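Structure record follows, encoded as structure tokens.
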Amino acid sequence: MLRNKNLNGKKLVPPIICGLKQLLRIELASVNLNGEFPRVLYNCTELEILDLSWNKLHGPLPSDLHRMSSLTCLDLSGNFFSGAIPAAVAQLSKLRELLLGRNNLEGSIIPEIGNLSNLEILDLSYMEKSEPSPVPEELDFGLAKVVSQHGDHHTEIASAVAGTFGYIAPGKEPVNKDEHMNLAQWAWKHCEEGNPIVDVLDEEIMEPVVLKAMTAVFKLGLMCTNKLASSRPSMKEVLQTLLLFDY
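Numbered according to the UniProt record's numbering, the sequence shown spans residues 1 to 247.
Following this line, the structure appears as structure tokens:
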């Protein structure tokens, strides 16, 4: 696994990656990467998780992106990619998470994405150049449901699939706890400092009989708001946790 702390401030993906054919996971979020999509990553034929979010990558998405056929999570959100979403994306049959929000991508949702039968999370939110379009009938992901949102205004543009267990919509900001951090960040900080969870529970509904369930759901909420989408629990895992309690 290659993490962002290994980059030492470089703005390009290190050439050494060319030789890491057994690499399974790359996390290079928010490391000031520049340039176009790094095709050098095609050499990592076993790569399952690729997170290049919140960098300065630009240009069109490669038309041969399907060469990364082992991917289960592709997070390119928060960059400056432009042009249309290539049909090659729909050939990544193992994808569970496809996060392309907050780019300059154009056009509408390609119907072929509906062929990704393993997809659990689809984020196409906050793409200023996207075109209003109906949601293709093929986009039927069971418990998932469509969120229409564009920029800071609600519209009829289908921009994300949300409602899936283990998913926090990237286009939705958690309620602010104070002027410096939102509620989710505050909750993470509270627990990382070793403070008891019971201190943040609502006293009006905190009865002994449900205290265990409330604590478990709070922990589950922390897991579901993990900054790294691939580290959030799956729908099955969240549902199994919730079914443990009869309330």
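Just so it is clear, CB atoms sit at the ideal spot from N, CA and C, and this is done for glycine as well.
All figures in this text were calculated on a predicted structure; none of them were measured in a lab.
| task | Starting from F218, trace the alpha helix (DSSP H) both ways and give me its first and last residue. | result | P208 to C224
| query | Is it right to say R39 is buried, meaning 16 or more other beta carbons lie within 10 angstroms of its own, or is it exposed? | reply | exposed
| query | Using DSSP with H/G/I as helix, E/B as strand and the rest coil, what is D199? | reply | helix
| Candidates I26, M214, S108 and K219: which alpha carbon is nearest D202's? | Looking at the Cα atoms, M214 is the closest of the given residues.
| task | Using 10 angstroms around the beta-carbon of T72, count the other beta-carbons present and answer buried if the total reaches 16, otherwise exposed. | result | buried
| task | Keeping to the same chain, check which residues put their C-beta closer than 8 angstroms to that of K219; ignore five residues upstream and five downstream. | result | I197
| task | Apply the 10 Å Cβ neighbour rule to S125 and answer buried if 16 or more other Cβ atoms are within range, or exposed otherwise. | result | buried
| request: Say yes only if the C-beta of L95 is nearer than 7 angstroms to one or more non-hydrogen atoms of the ligand COA, and no if none qualify. | output: Questions concerning the ligand COA fall outside what the structure shown contains, since it holds no ligand whatsoever.
| query | Taking DSSP as the reference, what is the three-state secondary structure of S82? | reply | In this structure, S82 counts as strand in the three-state DSSP scheme.
| task | Kindly list the residues whose CB is nearer than 7 angstroms to the CB of L95, restricted to its own chain and excluding five residues on each side of it in sequence; keep chain order. | result | L71, T72, L74, L116, N118 and L119
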